[in-house]
Amino acid sequence: SFIRSASFSGFLITSYPLPNKTKMRTFVVVATLAAFAANVAAFAPAQSVRGNAFGVSTSAGVRTGSTSASNTQLSMGASIDLKGKVAFIAGVADSSGYGWAIAKALADAGATIIIGTWPPVLKIFQAGLKRGQFDEDSELSDGSKMEIAKIYPLDAVFDNPEDVPEEIKTNKRYAGLDGYTIEEVAKAVEADYGKIDIVVHSLANGPEVTKPLLETSRKGYLAASSASAYSAVSLLQKFAPIMNEGGAFMSLTYIASEKVIPGYGGGMSSAKAQLESDTRTLAYEAGRKYGIRVNTISAGPLKSRAASAIGKEAGQKTFIELAIDYAKANAPLAQDLYSDDVGNSGLFLCSPLARSITGVTLYVDNGLSTMGMALDSMSMQQE
């Protein structure tokens, strides 16, 4: 008979033959938790998280300021320090969407926030800010308000000035505005801030989104792809050269990229699938060339201004209202999804805590994406 023992990462492994004359079997004993605790340092990082070069603290933050229905109680801003970092969020025009929530979470962590807004709604957005329309939704965890350092007019379907057709140049909704192509905005940001650290793509548009794919025109399909998918490629093309190494690029996608969502038409499902595929390819290319991470968040349904406009008919629920009801009835976590849930997830992906995460589609949807059967289906109802 024999006894052998070895220590492996804090576990004591002992093997010995059982008293069996015809067959030898090995029995593995895992030592006590005390042995694990004594050796747990083997798993520790080489340097302390608190006060390291990334400015990350292990302290947890709890939101106690705002009681708005759009807020959750968890605030990551207290545990991530982005002071001195500049974040450009493309596609914000009010306080109801995920782009605003991500900007707010980044601001709560100390980042300087600059925004790109679609020219036709720029003046309305600026007027709302001036009137204090968004003050309640701007409140940070310390009671202060998010400050938007600068707003740039941005139309992300145009890469450079040569792409802008005459009908847009002379459109009264663009009157008095110029320099709104992606290339021009990137140059303006560089002139104002030099190198920046974070770019968030919160853009999507499908002019035929209410049409089934079978009825979508080529023009409508390509327009959805241009505004919702290629705009992210172009944004990274133009902004990556003015981003610091270790920076983060992030976009927002939707489960329609991989599952059938009736009512989300006009080629938008295809555009989101393109966006997710491009996220993986861009993660490789931008990672190797610029040292930039590229990720996307697949967010659950939120009743934002843009989403509320899909399938809006008098006396009927909108597409987004139906989607929210379905999610709450069928997701593993039967709870409301708030914009701050996505905001905090975006903050994590854009922070040094996610320094080794790239090319990922992160689902922030109360687990709905994991489900393969609708719990509220009539076929599930017992008589």
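Using the working numbering, you'd call the opening residue of the sequence shown number 1 and step up by one each time. Every residue, glycine too, gets a C-beta built ideally from N, C-alpha and C. Small disclaimer: the values here were computed from a predicted structure and weren't measured.
The distance from the Cβ of Ser202 to that of Leu252 is about 6 Å, consistent with a contact at the 8 Å cut-off. Within 10 angstroms of the beta-carbon of Pro212 lie fewer than 16 other beta-carbons, which makes it exposed. In this structure the region 318-327 does not lie against the region 274-284, because fewer than three pairs of beta carbons, one per stretch, are closer than 8 Å. Ala286 carries a helical assignment under DSSP once its states are collapsed to helix, strand and coil. Taking 4 residues as the minimum length, the alpha helix (DSSP H) runs contained wholly in the region 79-167 are 98-108, 119-131, in order along the chain.
Here DSSP, grouped into helix, strand and coil, assigns Tyr180 to coil. In the displayed model, Arg293 falls within a strand according to three-state DSSP. Each residue's CA atom was taken as its position, placing Gly220 and Ser226 some 10 Å apart.
A distance of 8 Å or more separates the beta carbons of Ile115 and Ala101. Closest option to Leu82, judged by alpha-carbon separation, among Ala329, Cys350, Tyr254: Cys350. For Ala232, the uninterrupted alpha helix (DSSP H) segment begins and ends at 231-239. Annotated three-state conformation of Met243 is strand, per DSSP. Glu136 is classed as exposed because its beta carbon has fewer than 16 other beta carbons within 10 Å across all chains shown.
According to DSSP, residue pairing for Tyr326 in a beta bridge does not occur. In the DSSP assignment, Leu362 falls outside any alpha helix (DSSP H) and lies within the beta strand (DSSP E) extending over 361-364. Residue burial annotation: Glu208 is buried, with at least 16 other C-beta atoms found within 10 angstroms of its C-beta. Taking the C-beta atoms as reference points, Ser298 is found nearer than 8 Å to Thr361.
For Ser251, the secondary structure class from DSSP, reduced to helix, strand or coil, is strand.
Apart from sequence neighbours up to five positions away, the residues of its chain that approach Val364 with a beta-carbon distance below 8 Å are Ile297, Ser298, Ala299, Gly300, Leu337, Asp341, Val342, Ser345, ordered along the chain.
Here DSSP, grouped into helix, strand and coil, assigns Ile196 to strand. In the structure shown, Ser202 adopts coil according to DSSP, grouped into three states. Annotated three-state conformation of Ala334 is coil, per DSSP.
Counted as a single uninterrupted DSSP element, the stretch harbouring Arg173 is not any alpha helix (DSSP H), since DSSP gives it neither H nor E. The Cβ atoms of Leu129 and Ala107 lie no closer than 8 Å to each other. In this structure, Ala186 sits away from Phe125, with a CB-CB distance that is not shorter than 8 Å. By the neighbour-count criterion, in which a residue is buried when 16 or more other Cβ atoms sit within 10 angstroms of its Cβ, Leu375 is exposed. The beta carbons of Ala87 and Val200 sit about 7 Å from each other, so the pair counts as a contact at 8 Å. Inter-segment contact for the region 164-174 and the region 231-245 is absent: fewer than three beta-carbon pairs are separated by less than 8 Å. Annotated as proximal: Ala105 and Leu347, with beta-carbon spacing under 8 Å. The three-state reading of DSSP puts Ala374 in coil, since its state is none of H, G, I, E or B. Counting along the chain, the unbroken alpha helix (DSSP H) around Ser225 starts and ends at 218-225. Annotation for Ser345: the continuous alpha helix (DSSP H) segment containing it runs 339-350.
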